[in-house]
Each structure stands twice: as structure tokens, then as C-alpha cells.
Amino acid sequence: MPFIDRPIERPEELFDRENEFEAIRKFISMGTSMIVVGARRIGKTSLVKAATHGLPRIYIDARRFEGFKYLRYSDLLTEFRYAFNSLRSLYKDFVEVLKKVRGVRIGPLEIEFEEGRNRPLLSSMLDAIDEWSSRRGCRTIVVFDEAQELIKLKGFDILPIIAYAYDNLRNIVFIFTGSKIGLLYRFLRIDDPESPLYGRYMGRIELKPLPREKAIEFLMSGFNEYGLRVSENIVESAVDMLGGIIGWLSYLGLKAVERGVLNEDIIKEVLNDASRIVLNEFCRFVEVMGSERYVYILRAVAAEGATWSEIKNFLEIRLGTKIYDSELSRLLRNLIDNGFLEKEDNVYRAVDPILRYVARNAKC
């Protein structure tokens with residue numbers, strides 16, 4: 001398959017995600033809403049778009065809200081308006097049910113929403129989608145990509161409306177994706193007895209990085225498609241540095257195809273580019289959280305990982321002050337919730353291999 005610098009759209013463009021693809025399709029056929037999680041750039045958006053290709057889909061890209069400190073209901077409505085207009089371009093009869101929704105105007109070119117007191121209710125719009133789907137004998141997929149960003153909504157609680165749709169609207173399936181896995185679950189509160197979604201079953205799919213041999217196969221097959229002859233040894237070296245994150249592998253592939261060669265200099269250039277991107281993302285998180293101690297934790301885990309006690313000792317030595325257990329637990333939980341660290345066998349590690357690469361000397 002060719003290297004692509006954006007999320008793919010079609011099933012035939014997917015690489016090595018057959019099981020996850022079939023799982024999403026099965027959940028949709030059962031009418032089961034689901035959660036799709038995985039690290040940044042691992043291919044969640046591509047998987048979901050490919051698995052829902054050819055199906056009626058409302059796609060809400062909550063990544064737009066990543067830099068927002070808080071969201072308003074009007075921000076969410078704007079995304080629904082964009083999605084409705086995309087759906088209208090594919091299904092001309094979609095506007096017929098929307099005409100019944102208060103606050104929705106059907107213009108000659110675009111669907112528009114009233115503002116203020118007359119703005120449409122999300123529950124009414126979902127009712128209309130369900131009615132339209134019933135008429136067509138299909139299910140409509142409502143995707144919230146990077147759904148954890150909706151935790152920033154102020155003055156509007158979306159969870160009771162999702163619970164209402166789950167219980168009553170049989171022709172709608174929700175897909176929630178997230179790379180900040182802890183935040184996603186904190187937003188949905190599926191296991192919280194006080195949450196409107198408590199007790200509602202949702203399918204769960206987790207995307208893992210490509211195994212080393214599959215990452216090598218991905219690069220080799222891509223280079224073959226472009227007619228670029230490369231040494232398998234140099235490809236193995238690239239995979240050892242970049243890991244199995246398909247976004248970084250595609251970036252390397254495109255860079256090599258552009259230059260007409262894959263060598264150590266290009267691998268190093270891609271590694272440096274990726275390092276700047278990842279460190280910038282991490283430093284934005286540090287700025288929002290307002291504590292430089294996150295940087296020291298990243299240095300502590302470095303490339304090898306570290307236990308809770310090792311991290312605490314590292315911080316106390318570097319900072320020259322006592323670190324309380326409760327504070328360290330909170331800092332680590334925030335790093336895990338935001339997708340930067342993972343914990344396995346009592347060892348904390350950076351999720352992205354590029355973050356591991358820059359960890360030891362990280363500065364913000």
C-alpha cells in the first residue's frame with residue numbers, strides 16, 4: 001500500500017488491522033456502540049473511517065478542541081452542522097427529517113442552525129437521524145474522534161443525551177475514539193454508578209503498535225509500490241528507532257520517496273522532526289498543567305522506564321525537596337490519562353518511542 005500523509009478512508013488502504021476492522025463492523029451490525037483507543041498516530045481515525053466507509057456517518061472531529069480551555073454547546077453544534085452538510089451532499093433525502101427540528105434551517109446550499117434560545121437541541125437532532133435511518137433501513141454511525149476533548153464542555157452535559165439515544169434510538173451507533181485513554185474513560189464514566197452511561201455495554205477495541213516484523217513489512221511493501229529499492233537492513237534500523245507507530249513510519253516512507261533514497265541521514269532527519277513534534281505536544285501539556293515536575297518525571301522514565309520508587313527518588317534528588325506520595329500519584333495519573341505514559345508490571349514508560357528517545361534530555 002502507498003504511504004499516505006492523512007487518515008485513510010477506504011478499507012483496501014488499511015494495513016494489518018483486519019481483526020479490528022471486523023470487530024467494528026460486527027459491533028455496527030449488532031447495533032452496539034463502542035470505544036476505540038490507542039496511542040497518538042497509531043491509526044485510530046484511519047481504522048474508524050475505513051470501517052464506516054460507505055455507511056451513513058456523522059463525523060465529529062473533537063481534535064479541533066484540543067487547544068481549547070473550555071467548550072460551549074455552540075462549539076459542538078458547529079461541528080454537527082459541518083457533519084450534517086457533509087451527509088447532505090451524499091444523501092439528498094437527509095434534509096427532509098431535519099426540517100422538523102426546531103432551530104434547523106435548510107438553505108439552498110447549506111444546513112444552518114439558529115442561535116440563542118432557538119438553537120436546535122441535540123436530542124432532537126438525534127431523533128431525526130434515527131427516524132431517517134429507520135426509513136432507509138440502515139444504521140447511522142455517530143463518531144466522536146478524540147472524544148475526551150468533550151470533557152471541556154461547560155454548561156452542557158452530553159452524557160444524558162447519549163444515554164437517551166443508547167436506550168431509545170436503535171438506528172444510531174456511537175463510536176468514541178481517544179488517545180488520552182484515561183481522560184476518555186473519565187469523560188464517559190462508564191464504570192461510575194452516578195454516570196448516565198453506567199451499566200450500558202460498549203464494545204472496546206485497543207490498537208497496539210505494529211509488531212517489528214509487520215512494521216518492516218509495511219515499509220518494504222510501500223517502497224516496492226513506489227518502485228524504490230531499499231536495503232532491508234536500513235529498514236530494520238528505521239523500525240528499531242521509530243517503533244511500530246504507523247504515523248511515523250508513513251512519514252519516513254514519504255520522506256524517502258521524495259528524496260529517492262532511504263539512508264541513515266534521512267532516518268535521523270525524520271527522528272529529529274518527530275522529536276520536535278512530540279516534545280512540543282508534551283510541553284503544551286506541561287504549560288497547561290503548570291508544573292515543571294512533569295518534565296522531571298519524563299527524564300526519570302527515560303528510554304528504559306522506571307518504577308514508582310525510582311521516579312520519586314529521581315525527583316527528590318533533582319529538585320532537592322521532598323515529594324509527597326499523593327502528589328507523585330496525581331502527576332503520574334495525569335501523564336497516563338493524557339496518553340504520555342503507560343504502566344506495565346509496575347514500570348512506567350513513555351507510550352511513544354519518539355518520546356522515549358527525547359525523554360532523558362527533555363526541556364520545556
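When the letters of the sequence shown are read in order and numbered with UniProt numbering, they come out as residues 1 to 364. Each residue gets a CB set at the ideal place from its N, CA and C atoms; glycine is no exception.
Cutoff 8 Å; reference residue i; Cβ partners in own chain excluding five residues on either side
i    : result
R119 : Y73, S74, L77, G103, F113
E232 : I216, M220
S133 : P56, R139, T140, N171, I172
Rounded C-alpha distance that separates residue i from residue j
i    : j    : result
V173 : N346 : 36 Å
V257 : I245 : 19 Å
G243 : L210 : 8 Å
L332 : D93  : 50 Å
G31  : I311 : 45 Å
D337 : L183 : 5 Å
N361 : E327 : 23 Å
S46  : R189 : 26 Å
E12  : K208 : 20 Å
D127 : I28  : 18 Å
V288 : E281 : 11 Å
L159 : P196 : 6 Å
Y185 : K100 : 34 Å
H53  : K69  : 33 Å
S291 : S237 : 36 Å
A50  : P2   : 15 Å
Same chain, Cβ closer than 7 Å to residue i, neighbours up to 5 away in sequence not counted
i    : result
S123 : I161, Y164
K322 : E316
Check whether residue i and residue j have beta carbons under 8 Å apart
i    : j    : result
D145 : I60  : yes
A274 : W248 : yes
I175 : I141 : yes
A39  : D352 : yes
D5   : L254 : yes
L319 : Y348 : no
R139 : N171 : yes
R276 : I266 : no
V37  : G178 : yes
DSSP bridge partner residues for residue i (one or two, in chain order)
i    : result
E327 : Looking at the DSSP assignment, E327 forms no beta bridge with any residue, so it has no partner.
K343 : Y348
Residues near residue i by beta carbon distance below 6 Å, same chain, minus five either side
i    : result
L55  : I141
K214 : D16
M34  : F27, I175, M202, G203
Y226 : V257
V230 : F223, L262
Whole runs of the alpha helix (DSSP H) within the region 39-89, excluding any shorter than 4 residues: Qualifying alpha helix (DSSP H) stretches, in chain order: 44-51.
Contiguous beta strand (DSSP E) assignments of at least 3 residues, all confined to the region 226-282: When DSSP assignments are scanned along the region 226-282, no uninterrupted stretch of beta strand (DSSP E) that is 3 or more residues long falls wholly within it.
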